[in-house]
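Below is one structure, written out as structure tokens; the observations come after it.
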Amino acid sequence: MKSKQVSIICNGIRKRVPIGTRLADAFFVDTPCAGHGTCGKCKVIATGDLSEMSAAERAHLTERECADGVRLACFTFIMGECTVQDLHATGKTEILTGGVRADLTLCPTFLHYGAAIDIGTTTVAAKVFDVNGICLADTACLNPQIGFGADVISRIEAALDGKQQALADAVRGALNDALCTLKEALPQNGEIDRIVITGNTAMLHLLTLTATEPLSHAPFQAKRLFGETLSARDLGLVDAAEGATVYLPPCISAFIGADTTCALLASGICRDTKTALLADIGTNGEMALWREGHLTVCSTAAGPAFEGVGISMGMRATAGAVNAVAIVNGRLHATTVGDLPPVGICGSGLVDAVACLLELEELDESGYLADERIAVAPPVYLTSQDIRALQPAKSAISSGILTMLDARGCTVEDVESFCVAGCFGSYLNLSHAERIGLIPKGLSPKAKVIGNAAIEGAAMLLLDKRAADEADRIAREAQLLELATNPVFADAFMANMLF
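Here the numbering used here is used: the first residue of the sequence shown is -6, the next is one more, and so on.
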């Protein structure tokens, strides 16, 4: 017997769901703890016929939030008609115009229009190109798989818990929405007949309904390393042209994916004679070192602190997030996303705030905070626990870099170029990152921020048939450095916990 359905409104969209559905399951809302009710981040404004607030839910909310109708989506169940609004909903995806890649040799893999897509753990980004290499539009949206957890491990666990089809459906829906949005920029009847989709190894496994079980335990092996061409229809991409194909670039290992391959392709460091580093700093830090014609790669689990998870007032870089902090007249001065009143702090703001507290000597090198909690931009504050959550995250990145340099017999002084890739890296104050030990001392003057290099590499694979050979060579010849059992990494990790 089917459950009785009820009409609700989520973020302005009416839909029908069974009575008894959890709010977190009714629409995609940020649930960094995978809906286990431990982080208190999935706050929504909810009114109507809802379950009573439990003591466990109330413990995560202030009296003012309770009075204003704030609920936690993972605790609250739909009992009848209701209206729900995500506090951080960003609305419809936006089309942004692009230009021509002046340095690109054109030899397109498509007939009419092609799309390059990066499935990030947090964000899905997409671009559409014509045969002249002109980017007609790009768009980005939240990866809806975030409803199953903020990080890769949470989503692998969800897949093993019987939710693999739901995870695939979620990201495929986001890809179709992106393709539909991109098509709005095309001439009438314009069709996308070729797509390159990059992402980390787990994201591509989830997209293709490939078993993630081997990724969940030692020795952490991938079922597939891709480098494959598939049918768009087989991946459920109905907004591509009939007969459209999808290329999934090669991954290097279980935790160094096609996004790293594409970033290396876009950076060009493997076509140079310089000793060069590349780092994608985030929840899963991927790093690569090119030296004397050899490529060494490694991956380190920094954890989700840079996404705001485990930070008392942490959040993604959405409206009202403190995203930059400086010292002005001897005091902290913060700016926020959208110049709105501060409601939380995102990763770049966290790095800045800690660097400034060190300069003001309100925080010492051990991580001891003078006060149990300190205001960054009232009502936003940091606590001693927040500092402790940041220390292993920043140490994992810097220790991974230093271990890789040691393995190749070189030092920071030998590095001639340092490419910082990824969305988070694009907003980092690298001097502050160096000050707190997120990157080793001496690297910031050599740094070049290259943004979302993964999607730029995907675009190269779309616009130049010959780029696939280089991507295959990168993935095939890269030498994987395992950090988990490396004594140099273990020693460096303990030492780099200090600021």
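Ideal Cβ positions, reconstructed from N, Cα and C, are used throughout, including at glycine.
DSSP on residue i, reduced to helix/strand/coil?
i: residue 378; result: helix
i: residue 385; result: helix
i: residue 136; result: coil
i: residue 204; result: coil
i: residue 516; result: The structure shown does not extend to residue 516, since the chain is modelled only from -6 through 492, so no value can be given for it.
i: residue 406; result: helix
i: residue 329; result: strand
i: residue 236; result: coil
i: residue 451; result: helix
i: residue 334; result: coil
i: residue 486; result: helix
i: residue 10; result: strand
i: residue 50; result: helix
i: residue 393; result: helix
i: residue 355; result: coil
i: residue 227; result: helix
i: residue 437; result: helix
i: residue 257; result: helix
i: residue 306; result: coil
If you check the beta carbons only, do residue i and residue j fall under 8 Å apart?
i: residue 273; j: residue 450; result: no
i: residue 243; j: residue 484; result: no
i: residue 192; j: residue 113; result: yes
i: residue 197; j: residue 163; result: no
i: residue 209; j: residue 153; result: yes
i: residue 230; j: residue 168; result: yes
i: residue 421; j: residue 292; result: no
i: residue 431; j: residue 380; result: no
i: residue 533; j: residue 344; result: This structure leaves residue 533 out entirely; the chain is present only between -6 and 492.
i: residue 279; j: residue 320; result: no
i: residue 455; j: residue 174; result: no
i: residue 63; j: residue 34; result: no
i: residue 216; j: residue 225; result: no
i: residue 313; j: residue 337; result: yes
i: residue 186; j: residue 105; result: yes
i: residue 446; j: residue 255; result: yes
i: residue 482; j: residue 392; result: yes
i: residue 408; j: residue 423; result: no
i: residue 117; j: residue 130; result: no
Just mark residue i as buried or exposed, buried being the case when its beta carbon has 16 or more other beta carbons within 10 Å.
i: residue 330; result: buried
i: residue 55; result: exposed
i: residue 47; result: exposed
i: residue 0; result: exposed
i: residue 477; result: exposed
i: residue 90; result: Summary for residue 90: the model assigns pLDDT 34, below 50, so the residue's position carries little reliability; its value from the coordinates is reported in the next sentence. Per the 10 Å Cβ criterion, exposed.
i: residue 384; result: buried
i: residue 387; result: buried
i: residue 332; result: exposed
i: residue 182; result: exposed
i: residue 73; result: exposed
i: residue 402; result: exposed
i: residue 496; result: There is simply no residue 496 to check, as the chain begins at -6 and stops at 492 in what is shown.
i: residue 84; result: Any reading at residue 84 needs caution, since the residue's pLDDT is 35, under 50, leaving its predicted position unreliable; the model's value is listed next. Burial call: exposed.
i: residue 92; result: In this prediction, residue 92 scores a pLDDT of 38, lower than 50, which makes its location untrustworthy; the coordinate-derived value is nonetheless stated afterwards. Answer is exposed; the Cβ neighbour count stays below 16.
i: residue 218; result: buried
i: residue 125; result: exposed
i: residue 98; result: exposed
i: residue 87; result: Per-residue confidence for residue 87 stands at a pLDDT of 36, beneath the threshold of 50, marking its modelled position as unreliable; no derived number is given.
i: residue 491; result: exposed
i: residue 263; result: buried
i: residue 139; result: buried
i: residue 286; result: exposed
I need the boundaries of the beta strand (DSSP E) containing residue i, first residue and last residue.
i: residue 287; result: 287 to 294
i: residue 279; result: 277 to 284
i: residue 3; result: -2 to 3
i: residue 321; result: 314 to 321
i: residue 116; result: 116 to 123
i: residue 107; result: 106 to 112
i: residue 16; result: It is not in any beta strand (DSSP E) - residue 16 instead sits in the alpha helix (DSSP H) that spans 16 to 19.
i: residue 36; result: 36 to 43
Identify the continuous alpha helix (DSSP H) that holds residue i and give its terminal residues.
i: residue 169; result: 157 to 176
i: residue 273; result: Per DSSP, residue 273 belongs to no alpha helix (DSSP H); it is in the beta strand (DSSP E), 269 to 273.
i: residue 340; result: 340 to 352
i: residue 468; result: 460 to 470
i: residue 148; result: 145 to 151
i: residue 58; result: 56 to 60
i: residue 478; result: Here residue 478 belongs to no alpha helix (DSSP H), and DSSP marks it neither H nor E.
i: residue 416; result: 416 to 419
So, does the region 392 to 411 touch the region 298 to 308, judging by three or more C-beta pairs under 8 Å? no
For the region 320 to 335 against the region 434 to 450, are there 3 or more C-beta pairs whose distance is under 8 Å? no
Does the region 64 to 77 touch the region 12 to 19, meaning 3 or more C-beta pairs lie closer than 8 Å? yes
Would you call the region 355 to 373 in contact with the region 233 to 242, where contact means no fewer than 3 C-beta pairs closer than 8 Å? No, they do not touch.
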